[in-house]
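These protein sequence lines are chains A and B, in that order.
Read in this note's numbering, the first sequence has 115 at position 100, and its numbers run on one by one without any break.
Read in this note's numbering, the second sequence has 152 at position 112, and its numbers run on one by one without any break.
Below is one structure; the comments refer to it alone.
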Amino acid sequence: QKEVEQNSGPLSVPEGAIASLNCTYSDRGSQSFFWYRQYSGKSPELIMFIYSNGDKEDGRFTAQLNKASQYVSLLIRDSQPSDSATYLCAVRGSGGSNYKLTFGKGTLLTVNP
Amino acid sequence: NAGVTQTPKFQVLKTGQSMTLQCAQDMNHNSMYWYRQDPGMGLRLIYYSASEGTTDKGEVPNGYNVSRLNKREFSLRLESAAPSQTSVYFCASSRTGRGVNTEAFFGQGTRLTVV
Numbered sequence: 016q017k018e019v020e021q022n023s024g025p026l027s028v029p030e031g032a033i034a035s036l037n038c039t040y041s042d043r044g045s046q047s048f049f050w051y052r053q054y055s056g057k058s059p060e061l062i063m064f065i066y067s068n069g070d071k072e073d074g075r076f077t078a079q080l081n082k083a084s085q086y087v088s089l090l091i092r093d094s095q096p097s098d099s100a101t102y103l104c105a106v107r108g109s110g111g112s113n114y115k116l117t118f119g120k121g122t123l124l125t126v127n128p
Numbered sequence: 041n042a043g044v045t046q047t048p049k050f051q052v053l054k055t056g057q058s059m060t061l062q063c064a065q066d067m068n069h070n071s072m073y074w075y076r077q078d079p080g081m082g083l084r085l086i087y088y089s090a091s092e093g094t095t096d097k098g099e100v101p102n103g104y105n106v107s108r109l110n111k112r113e114f115s116l117r118l119e120s121a122a123p124s125q126t127s128v129y130f131c132a133s134s135r136t137g138r139g140v141n142t143e144a145f146f147g148q149g150t151r152l153t154v155v
């Protein structure tokens, strides 16, 4: 089982819709979770982090974490064409692997005007 | 504040040649990472360094070596390049520890082609 898995996509939504991106992880002890956005040909950039169970909102973005289910998601409300990018889920390992940051394969999101 | 700086940005190598990718950060981070990114594969961890003087293998270390020269610099070396190493390479750094403010910051990437 891969350590971090994301819904494979690609995902296409109309402008103004809600985009939902999902991620599961295998290390039950993981404590830190991150969502990055990567535009084509660019470096990943952090958009959200979450450490506690529940929801965390930042503008149009909401991250959701359920440690019991080992599941983390990102919701993008009122999606805009500028949100079209690849979204990467990242998980920091637990215990001795705390220094290790593992990424999923990413989900390509296209927002259609 | 430059953040994470990688050199070079582009490189073409012939099979069997060697080269070193350089990375430096000015954020006083303890941890540094090297990833490669291939189409449809996401970011795969090659090596990481939790602190100055330590390095550990990641998911895909074969064919690579690293050196944590000091707290700022973390280099990646290809001793004998192979076409399978054609990829985009990203260096990243982060604070060490759990929870808050441990996100990784990335360099601009190196696009490497091995022919």
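A virtual CB, placed ideally from N, CA and C, is assigned to each residue, including glycine.
Can you check whether the C-beta of residue i is within less than 8 Å of a C-beta belonging to chain B?
i        : result
A/PHE64  : yes
A/PRO132 : Not covered by the structure: residue 132 of chain A. The range shown for chain A is 16 to 128.
A/LYS120 : yes
A/TYR124 : It is worth fixing the name first, because residue 124 of chain A is Leu in this sequence and not Tyr. No, A/LEU124 does not count as interfacial toward chain B.
A/TYR54  : no
A/LYS71  : no
A/PRO128 : no
Would the beta-carbon of residue i fall within 8 Å of that of residue j?
i        : j        : result
B/ARG112 : B/GLN148 : no
A/LEU116 : B/TYR87  : no
Under the three-state reduction of DSSP, which class applies to residue i: helix, strand or coil?
i        : result
B/GLY82  : strand
A/PRO29  : strand
A/SER97  : helix
A/SER84  : coil
B/GLN57  : coil
B/GLN148 : coil
B/SER124 : helix
A/GLY110 : helix
Residue i CB to nearest chain A CB: under 8 Å?
i        : result
B/GLN57  : no
B/GLU113 : no
B/ALA121 : no
Checklist entry - Which residues, in order along the region 83-95 of chain B, keep a beta-carbon less than 7 Å from a beta-carbon of chain A? => result LEU83, LEU85, TYR88, ALA90
Checklist entry - Any chance the region 46-53 of chain A sits against the region 102-114 of chain A, with 3 or more Cβ pairs inside 8 Å? => result yes
Item to check | Residues within the region 76-104 of chain A neighbouring chain B, beta-carbon criterion of under 7 Å | outcome: LEU103
Item to check | Interfacial residues, the region 122-133 of chain B to chain A, with Cβ spacing under 8 Å | outcome: PHE130, ALA132
Item to check | Selection of the region 37-48 of chain A by Cβ proximity to chain D, strictly under 7 Å | outcome: Included in the structure are the protein chains A and B, with no chain D among them.
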